[in-house]
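Contents: one structure, followed by commentary.
2 protein chains.
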Amino acid sequence: MSHSPLIDELITAFKCLPGVGAKSAQRMTFNLLERNRGGALKLSQALHNAMEHINNCEQCRTFTEAQLCNLCNNPSRAESQQICIVESPQDVLAIEQTSQFKGTYFVLMGHLSPIDGIGPNEIGLDILAQRLQQDKIEEVILATNPTVEGEATAHYISQMCKKHSIRTTRIAHGVPVGGELEYIDGNTLTHAFSGRREF
Amino acid sequence: MSHSPLIDELITAFKCLPGVGAKSAQRMTFNLLERNRGGALKLSQALHNAMEHINNCEQCRTFTEAQLCNLCNNPSRAESQQICIVESPQDVLAIEQTSQFKGTYFVLMGHLSPIDGIGPNEIGLDILAQRLQQDKIEEVILATNPTVEGEATAHYISQMCKKHSIRTTRIAHGVPVGGELEYIDGNTLTHAFSGRREF
Ligand SMILES: [Zn+2]
Ligand SMILES: [Zn+2]
Numbered sequence: 001m002s003h004s005p006l007i008d009e010l011i012t013a014f015k016c017l018p019g020v021g022a023k024s025a026q027r028m029t030f031n032l033l034e035r036n037r038g039g040a041l042k043l044s045q046a047l048h049n050a051m052e053h054i055n056n057c058e059q060c061r062t063f064t065e066a067q068l069c070n071l072c073n074n075p076s077r078a079e080s081q082q083i084c085i086v087e088s089p090q091d092v093l094a095i096e097q098t099s100q101f102k103g104t105y106f107v108l109m110g111h112l113s114p115i116d117g118i119g120p121n122e123i124g125l126d127i128l129a130q131r132l133q134q135d136k137i138e139e140v141i142l143a144t145n146p147t148v149e150g151e152a153t154a155h156y157i158s159q160m161c162k163k164h165s166i167r168t169t170r171i172a173h174g175v176p177v178g179g180e181l182e183y184i185d186g187n188t189l190t191h192a193f194s195g196r197r198e199f
Numbered sequence: 001m002s003h004s005p006l007i008d009e010l011i012t013a014f015k016c017l018p019g020v021g022a023k024s025a026q027r028m029t030f031n032l033l034e035r036n037r038g039g040a041l042k043l044s045q046a047l048h049n050a051m052e053h054i055n056n057c058e059q060c061r062t063f064t065e066a067q068l069c070n071l072c073n074n075p076s077r078a079e080s081q082q083i084c085i086v087e088s089p090q091d092v093l094a095i096e097q098t099s100q101f102k103g104t105y106f107v108l109m110g111h112l113s114p115i116d117g118i119g120p121n122e123i124g125l126d127i128l129a130q131r132l133q134q135d136k137i138e139e140v141i142l143a144t145n146p147t148v149e150g151e152a153t154a155h156y157i158s159q160m161c162k163k164h165s166i167r168t169t170r171i172a173h174g175v176p177v178g179g180e181l182e183y184i185d186g187n188t189l190t191h192a193f194s195g196r197r198e199f
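Chains as they are written, first to last, in my numbering: chain U, 1 to 199; chain C, 1 to 199.
Next up, the structure:
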């Protein structure tokens, strides 16, 4: 209770942000009021623009304000005839930062989770099936997360690809580069051993 | 670089919040896009309303969308004839939560800091001087922070009060209730010793 309805509304509204509780929300509110009203108005406008205009790319489902995202719109990307399947738009950002992959993406916006009612159509696999049929694709790279749901989703998609005789690969899981063995969880170590190669 | 200008703008805009760096800004952006567009639009509106409509109370300078804040507008508050001087609106909230103080406030929105060009008028002491002259005031409670600047500001205001023969008091500083001596800083311990009372 700040004795100002507008301040109380702003403090409450800030709590919709991940990791922001009552105390941080109050600090953000007063900090902006005292020191950065211009920045706050820019944030207000940017929130409005993003929420109203950002939809999903018609081809890869990642977030974009256009019909097709920049990557799908780039003809040299399609030439590679590789599609990388990821769970979220942030995964696309992370992979793009490595500059290793030159193909296109397909973003599931989640993973299969039957108990939550999330089946193949909910993660866009109907759209992916069309691409597998229509586009010239040499390889589908499965980069879903190494979780139970991510693995199940990867498995499901690999079965879809088999019907179209498209090669599927799974990104390697193991000890992170620079990681110390003693701090790595058992699951990762199991992956690292089963995925070992000649030295 | 998210390959979407609107997403990049929102990530940049989030960095105006205290304690929010590049990684948190990205997490907030995608979290809202994926899960809470309604909450994001409410936040956008709340930011706009607060920044456009919140000004300073004409009497105590705290933030309010009205000419006078709720506390100044409450006649029973003025009856107490006590004014508590604090540095920020958050200090008002903290004191109000104790329900101990029943008077009115004066919010400096800072403290004297000559090297930063912040003199008496910048912290509203001209307005306070008017109140000391016009209103019936029995006691001014100095609740500025126990910092060098807070102490200097308290001293300056106590001199102003002296001219009007108004009693001034300073809130007590010492070991916080529940605090353990070994974790208290030296300055606080010094205050605690010099402020000791008969047991
Ligand atoms: Zn796309
Ligand atoms: Zn007021």
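C-beta: ideal position from N, C-alpha, C; glycine also.
Chain-ordered chain C contacts of residue i [CB-CB under 7 Å]
{"i": "A46 (chain U)", "result": "E9, L10, A13"}
Sequence-distant residues of its chain with Cβ nearer than 7 Å to residue i (five each side left out)
{"i": "Q133 (chain C)", "result": "H164"}
{"i": "E149 (chain C)", "result": "H111, L112, S113"}
Residue span of the alpha helix (DSSP H) that contains residue i, given as start and end
{"i": "Q159 (chain C)", "result": "148-163"}
{"i": "R131 (chain U)", "result": "125-134"}
{"i": "E9 (chain U)", "result": "5-14"}
{"i": "F30 (chain U)", "result": "22-35"}
{"i": "Q82 (chain C)", "result": "Premise fails: Q82 (chain C) lies in the beta strand (DSSP E), 82-86, not in any alpha helix (DSSP H)."}
{"i": "S194 (chain U)", "result": "186-194"}
{"i": "R77 (chain U)", "result": "75-79"}
{"i": "E96 (chain C)", "result": "89-98"}
Interface partners of residue i on chain U, CB under 7 Å
{"i": "T64 (chain C)", "result": "S4"}
Within chain U, the residues that residue i reaches when beta carbons sit closer than 8 Å
{"i": "I54 (chain C)", "result": "S4, L6, I7, L33"}
{"i": "C16 (chain C)", "result": "L32, N36, G39, A40, K42, L43"}
{"i": "N49 (chain C)", "result": "L6, E9, L10"}
Under 9 Å from the C-beta of residue i: neighbouring residues of chain U
{"i": "Q26 (chain C)", "result": "Q90, L93"}
{"i": "C161 (chain C)", "result": "The premise fails here: C161 (chain C) is roughly 26 Å from chain U at the closest Cβ pair, so nothing lies under 9 Å."}
With 16 other Cβ atoms within 10 Å as the buried cut-off, status of residue i
{"i": "Q90 (chain C)", "result": "buried"}
{"i": "R61 (chain C)", "result": "buried"}
{"i": "S76 (chain C)", "result": "exposed"}
{"i": "A143 (chain U)", "result": "buried"}
{"i": "Q82 (chain U)", "result": "buried"}
{"i": "T98 (chain C)", "result": "exposed"}
{"i": "Q159 (chain U)", "result": "exposed"}
{"i": "Y105 (chain U)", "result": "buried"}
{"i": "L189 (chain U)", "result": "exposed"}
{"i": "H3 (chain C)", "result": "buried"}
{"i": "S44 (chain C)", "result": "buried"}
{"i": "T29 (chain C)", "result": "buried"}
{"i": "Q59 (chain C)", "result": "buried"}
{"i": "E9 (chain C)", "result": "buried"}
{"i": "G195 (chain U)", "result": "exposed"}
6 Å Cβ shell around residue i - same chain, five flanking residues per side excluded
{"i": "A25 (chain C)", "result": "I11, F14, K15"}
{"i": "I95 (chain C)", "result": "F101"}
{"i": "C57 (chain C)", "result": "T64, L68, C69, C72"}
{"i": "P146 (chain C)", "result": "H173"}
{"i": "S80 (chain U)", "result": "K102, G103"}
{"i": "V20 (chain C)", "result": "F14"}
{"i": "I141 (chain C)", "result": "C84, T169"}
{"i": "L32 (chain U)", "result": "A40"}
{"i": "I54 (chain U)", "result": "F63, E65"}
Same chain, Cβ closer than 8 Å to residue i, five either side skipped, listed in chain order
{"i": "A152 (chain C)", "result": "H111, L112"}
{"i": "D126 (chain U)", "result": "P120"}
{"i": "I123 (chain C)", "result": "L108, M109, G110, H111, L112, T153"}
{"i": "V86 (chain C)", "result": "V92, I95, Y105, F106, V107, L108, A143, T144"}
{"i": "L181 (chain C)", "result": "V175, L189"}
Amino acids of chain C, ordered along the chain, whose beta-carbon sits closer than 9 Å to that of residue i
{"i": "L71 (chain U)", "result": "H3"}
Bounding residues of the beta strand (DSSP E) (the contiguous stretch that carries residue i)
{"i": "H106 (chain U)", "result": "Note that residue 106 (chain U) corresponds to Phe in the displayed sequence, not to His. Looking at the DSSP string, the run of the beta strand (DSSP E) that includes F106 (chain U) is 104-107."}
{"i": "L142 (chain U)", "result": "139-142"}
{"i": "T168 (chain U)", "result": "167-170"}
Cβ-heavy atom distance, residue i to ligand 3, below 7 Å
{"i": "R77 (chain U)", "result": "Ligands present in the displayed structure are limited to ligand 1 and ligand 2, and ligand 3 is not among them."}
Q | Check your reading: residues with Cβ closer than 5 Å to ligand 2 heavy atoms | A | C:C57, C:Q59, C:C60, C:C69, C:C72
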